[in-house]
Amino acid sequence: YDAATAFRVGATDRQMRNALKQQLMGIKIMLRRKRLQLEVLLALAQSLSQLEGLRALEVDISFSSVGEDGAYQLAQAVGILRRLQSLELLLGGAGLGRTGCEKLAKELASLRSLTRLKLDLSLNDIGDTGLRELSKSIRAAFLLRVLVLDLNRNRIADAGVGCLAQVVRELPGLSELQVSLFDNRVGEDGARQLAAAVRGLRRLSRLALGLNRNAVSEVGVQDIAHAVGSHSLRALELDLSVSSVGWAGAHDLGMAISSLQDLQSLTIDLNVNHVGSAGARLLAQAISALQGLVSLRLLASGNRIREVGARELAQALAGLRQLANLELDVSGNGIGDPGACELARAMGLHGLGRLVADLRGNLVGDHGERELARAVGELPRLERLELRLGGNCRSSGAGPLHHELKNAVQKLQTGGCICDFSY
């Protein structure tokens, strides 16, 4: 290793760095749950700011305690990359606070070429003020086609949601919108403003709204349902657990869902509401109309749907011939052996590749377990199976796992299926 070799290596290194600056199009940085010192983050930010040709950037520093100063340094570097078209910035639990979010928003406002933006600011206590400033920066990205915002647990109320809704209205080119607001302070007025914004997006094909564990009333849920029904969606996710949804809300949700004839993927989270058997019937009728459905997640724990509601859901599932992915949570509904048998028979009629069924706390006995064993044994394409059967009763005393169900599971595992059970 002499001086000539060192010169050649140095020249090659300079050429490589210059090429990276000009030609590197995408980069992904994963530093989740790492203890990052400010000096390290400054070096990272400086390196990023030199990649002038970058078109796509993914950075995950969630739960790394970077604080508002670290987030600002990173945001400054990102703000220089004016050619960025896709940005995924995951800062959940990073300690931004309201001030850090304002600094971040100020820098993001310069990225006017973005067509895809994903931000995870969960658990940062940004409040309404932080969301207002963030919304202003999103308004500048008028070319956006995809917007994904994770804003869980940030003490956001109707005022902040109203600012976001106003900006969403000004992005008519959006084809995909995902907003998660789990465990905030959003009420009926915030839900109404979100619904109005969604109603104005004429190109929307994918929609996900997470409003679980807020103060959204049944009226707010109905407003959202009316907005959803005005689109031709291919994928829909509505997370509305603990939202006081009863028969009226289930009726409007059912009407909206049944109108989405092009829907291929549907997630409805209605855990811990009071839909009842009558509401379950309305939802089942709506789902049965979606003949092109490939993926279904229906979460209805603690809704008192009883045996009658389970039978209605089973009839709806039996008619979905293209279904490949099914997740069903009817725990704590008192469906009993008859309801479990009906659901099991419906599950066995499909070529499912993935099945997740939560039947805990339903007084399911030996007969229900036998039907489940028969159903899963008739799914030759099954690659993933999850069953939750805790809190039920078995009259035969055969132990925690009925022998017929055990045999069916062993057969699936032999064929390569991944099985997960809890009792």
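Numbering (this note's numbering), first residue to last: 9 to 431.
We put the beta carbon where it would ideally sit given N, CA and C, even for glycine.
Have a look at G359, R378, N341 and flag the residue whose alpha-carbon is nearest the alpha-carbon of N370. Here the question's residue 370 lines up with position 362 in the sequence shown. Nearest of G359, R378, N341 to N370, Cα basis: N341.
Would you check if the segment 259-271 and the segment 296-316 touch, i.e. whether three or more CB-CB distances between them fall below 8 Å? Short answer: they touch.
R312, DSSP secondary structure in three states: Numbered from 1 along the sequence shown, position 304 holds the residue referred to as residue 312. Here R312 carries a coil assignment [DSSP, helix/strand/coil].
Going by other Cβ atoms of all chains shown within 10 Å of its Cβ, with 16 needed for buried, is K488 buried or exposed? Because the chain here runs from 9 to 431, residue 488 falls outside it and cannot be looked at.
Which ranges would you report for the alpha helix (DSSP H) in the segment 346-399 if only whole runs of at least 4 residues count? 374-385
What are the boundary residues of the beta strand (DSSP E) that S94 is part of? Residue mapping note: residue 94 aligns to position 86 of the sequence shown, counting from 1. S94 -> beta strand (DSSP E) spans 94-98.
Around the C-beta of L363, are 16 or more other C-beta atoms found within 10 angstroms, so that it is buried, or is it exposed? Against the sequence shown, residue 363 aligns to sequence position 355. Per the 10 Å Cβ criterion, buried.
Below 6 Å CB to CB, which residues in the same chain sit around H259 once its five sequence neighbours on both sides are set aside? The residue given as residue 259 occupies position 251 in the sequence shown. Excluding sequence neighbours, H259 sits near L290.
Would you check if the segment 102-110 and the segment 167-182 touch, i.e. whether three or more CB-CB distances between them fall below 8 Å? They do not touch, by the three-pair rule.
Buried or exposed: where does Y431 fall if 16 or more other Cβ atoms within 10 Å of its Cβ makes it buried? Your numbering for residue 431 matches position 423 in the sequence shown. It is exposed - the Cβ of Y431 has fewer than 16 other Cβ atoms within 10 Å.
Using C-beta distances below 7 Å, list every residue in its chain close to D375, excluding the 5 sequence neighbours before and after it, in chain order. Start at 1 with the first residue of the sequence shown, and residue 375 comes out as number 367. Note on residue identity: the sequence assigns His, not Asp, to residue 375. D345, C349, listed in sequence order.
T422 by DSSP, collapsed to three states: which one? Stepping through the sequence shown from its first residue, residue 422 is reached at position 414. If DSSP states are grouped into helix, strand and coil, T422 belongs with the helices.
Please look up how many angstroms separate the CB atoms of G361 and E391, rounded, as I've assumed it's under 8 Å. Position 353 of the sequence shown, counted from the start, is the residue given in the question as residue 361. Position 383 of the sequence shown, counted from the start, is the residue given in the question as residue 391. Right, their Cβ atoms sit about 5 Å apart.
Have a look at Q323, V283, L97 and flag the residue whose alpha-carbon is nearest the alpha-carbon of R312. Here the question's residue 312 lines up with position 304 in the sequence shown. Minimum Cα distance to R312 is reached at V283.
Is the distance from the Cβ of G347 to the Cβ of G327 below 9 Å? Against the sequence shown, residue 347 aligns to sequence position 339. Against the sequence shown, residue 327 aligns to sequence position 319. Against a cut-off of 9 Å, the Cβ pair of G327 and G347 comes out as no contact.
Who are the near neighbours of L159 in its chain, counting only those whose CB is closer than 8 Å to its CB and skipping five residues on each side? Against the sequence shown, residue 159 aligns to sequence position 151. The residues are L129, S130, I134, L139, V187, S188, L189, N192.
Look at the alpha carbon of R40 and the alpha carbon of G103, and state the distance between them as a whole number of angstroms. In the sequence shown, the residue the question calls residue 40 occupies position 32. In the sequence shown, the residue the question calls residue 103 occupies position 95. Cα to Cα, R40 sits roughly 13 Å from G103.
Runs of alpha helix (DSSP H) wholly within the segment 235-310 (minimum 4 residues, chain order): 255-266, 284-296
Roughly how many whole angstroms lie between the Cα atoms of L336 and E386? Mapped onto the sequence shown, residue 336 falls at position 328. Mapped onto the sequence shown, residue 386 falls at position 378. Linking L336 to E386 through their CA atoms gives a straight-line distance of about 18 Å.
Three-state secondary structure (DSSP) of I69: Position 61 of the sequence shown holds residue 69. Looking at I69 - three-state DSSP - the assignment turns out to be coil, as it is neither helix nor strand.
Our contact map puts A243 next to R207 with C-beta atoms below 8 Å; I'd like the distance itself, whole angstroms only. Within the sequence shown, the letter at position 235 stands for residue 243. Within the sequence shown, the letter at position 199 stands for residue 207. Incorrect: roughly 18 Å between the Cβ atoms, too far for contact.
Skipping 5 residues on each side, what residues in its chain have a beta carbon closer than 7 Å to that of D77? Taking the first residue of the sequence shown as position 1, residue 77 is located at position 69. Answer for D77: L46, listed in chain order.
Presumed contact (8 Å Cβ cut-off) between A205 and I232, rounded CB distance: Start at 1 with the first residue of the sequence shown, and residue 205 comes out as number 197. Start at 1 with the first residue of the sequence shown, and residue 232 comes out as number 224. In fact, because the Cβ distance is near 11 Å, the residues do not count as touching under 8 Å.
Can the beta-carbon of S213 be found closer than 9 Å to that of G228? The sequence position of residue 213 within the sequence shown is 205, counting from 1. The sequence position of residue 228 within the sequence shown is 220, counting from 1. Contact: no.
Within its chain, find whatever has a CB closer than 7 Å to the CB of S57; leave out the 5 residues flanking it on each side and keep chain order. As a working note, residue 57 is residue 49 in the sequence shown. The beta carbon of S57 sits closer than 7 Å to those of A85, I88, all from its chain and outside the five residues before and after it, given in chain order.
In whole angstroms, give me the CA-to-CA distance for V49 and Q93. Residue mapping note: residue 49 aligns to position 41 of the sequence shown, counting from 1. Residue mapping note: residue 93 aligns to position 85 of the sequence shown, counting from 1. In the sequence as presented, Val is not what sits at residue 49; that position holds Leu. When only Cα atoms are considered, L49 and Q93 end up about 23 Å apart.
Using CA coordinates, which residue listed in G399, A83, K114, N220 is at the minimum distance from L307? Along the sequence shown, one-based indexing puts residue 307 at 299. Closest option to L307, Cα to Cα, is N220.
By the three-class DSSP mapping on this structure, what secondary structure does G105 have? If you number the sequence shown from 1, residue 105 lands on position 97. Correct three-state label for G105: helix.
Can you list, in chain order, the residues of its chain whose CB lies under 6 Å from that of E196, leaving out five sequence neighbours each side? Here residue 196 corresponds to residue number 188 of the sequence shown, with the count starting at 1. Excluding sequence neighbours, E196 sits near S225, V227, G228.
Does DSSP put G181 in a helix, in a strand, or in coil? On the sequence shown, residue 181 is found 173 positions in, with the first residue counted as 1. Three-state DSSP puts G181 in coil, outside helix and strand.
From L119, V302, E115, G287, pick the residue whose C-alpha is nearest to that of G262; which is it? Reading the sequence shown from its first residue, position 254 is the one you call residue 262. Of L119, V302, E115, G287, the residue nearest in Cα terms is G287.
Quick one: give me the first and last residue of the alpha helix (DSSP H) that G75 is part of. On the sequence shown, residue 75 is found 67 positions in, with the first residue counted as 1. G75 -> alpha helix (DSSP H) spans 75-88.
Would you please state the rounded distance, in angstroms, between the beta carbons of S303 and A332? I believe it to be under 8 Å. Reading the sequence shown from its first residue, position 295 is the one you call residue 303. Reading the sequence shown from its first residue, position 324 is the one you call residue 332. Contact holds; Cβ gap of about 7 Å.
Could you check what DSSP says for G344 in three-state terms: helix, strand or coil? Counting from one through the sequence shown, the residue named residue 344 turns up at place 336. Here G344 sits in helix by DSSP.
Please check the pair L32 and L62, which I expect to be a contact at CB under 8 Å, by giving their CB distance rounded to whole angstroms. Within the sequence shown, residue 32 is the residue found at index 24, counting from 1. Within the sequence shown, residue 62 is the residue found at index 54, counting from 1. Yes, they are in contact, since the Cβ atoms of L32 and L62 sit about 6 Å apart, within 8 Å.
Excluding five sequence neighbours on each side, which residues of the same chain lie with their C-beta closer than 6 Å to the C-beta of E245? Stepping through the sequence shown from its first residue, residue 245 is reached at position 237. The answer, listed in chain order, is A216, T275.
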